[in-house]
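**Student:**
Numbering (the numbering used here), first residue to last: 68 to 234.
(1) Identify every run of the beta strand (DSSP E) within the region 110 to 184, keeping only runs that are complete inside it and at least 3 residues long; order them along the chain.
(2) Strictly by DSSP, which residues pair up with residue 216?
(3) Are residue 143 and residue 165 closer than 8 Å when you measure CB to CB?
(4) Where does the unbroken beta strand (DSSP E) through residue 189 begin, and where does it stop?
(5) Where residue 175 and residue 202 are concerned, what is the direct C-alpha to C-alpha distance, given to the nearest angstrom?
(6) Between which two residues does the beta strand (DSSP E) harbouring residue 206 extend?
Printed below as a string of structure tokens:
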């Protein structure tokens with residue numbers, strides 16, 4: 068019985084002993100007004116961060132350990148532009164896309180120079196007014212976007228939608 072306990076102990080403890088976390092990175096130098104309005108992704112170029120600030124969208128990039136900030140407060144959408152639900156995705160470690168809601172439209176802005184400047188890439192009008200979430204994910208040459216729109220029906224308040232963009 069003792070042998071079985073040792074074997075079980077080894078099975079459950081070994082993965083815990085071998086798993087390693089790197090040091091926590093404090094990115095508090097970025098003025099994020101709402102934790103629900105911030106998103107990040109990591110690629111070969113570092114940590115890419117987009118965040119909401121006074122109704123606008125801003126971008127920053129930092130090294131993996133947070134010691135070097137390459138860009139700080141790069142404007143994607145100006146403050147007061149009625150934007151929210153910001154996401155960032157990286158495609159092929161060279162092109163970034165910021166995905167967010169502005170007014171009643173899902174916007175996609177593109178940066179081909181690692182966040183130094185941003186241009187309008189695409190947009191998609193929403194069918195219904197109101198939205199409580201936009202999420203984005205990339206894989207190779209696609210951007211997958213999911214969002215909700217207010218339906219108005221008391222039983223089903225929001226409808227969920229999905230679309231795939233080919234970059």
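In this text, a Cβ means the ideal position worked out from N, Cα and C, and glycines have one as well.
**Tutor:** In short:
(1) You should have 113 to 120, 123 to 129, 136 to 144, 150 to 158, 162 to 169 and 172 to 178.
(2) Residue mapping note: residue 216 aligns to position 149 of the chain shown, counting from 1. Its beta-bridge partners are 226.
(3) Here the question's residue 143 lines up with position 76 in the chain shown. Here the question's residue 165 lines up with position 98 in the chain shown. Yes. Within cutoff.
(4) Here residue 189 corresponds to residue number 122 of the chain shown, with the count starting at 1. Counting along the chain, the beta strand (DSSP E) containing residue 189 begins and ends at 186 to 192.
(5) As a first step, residue 175 must be located in the chain shown, where it is residue number 108. As a first step, residue 202 must be located in the chain shown, where it is residue number 135. Residue 175 and residue 202: Cα-Cα distance of roughly 12 Å.
(6) To locate residue 206, count along the chain shown from 1; it is residue 139. Here the beta strand (DSSP E) through residue 206 covers 201 to 206.
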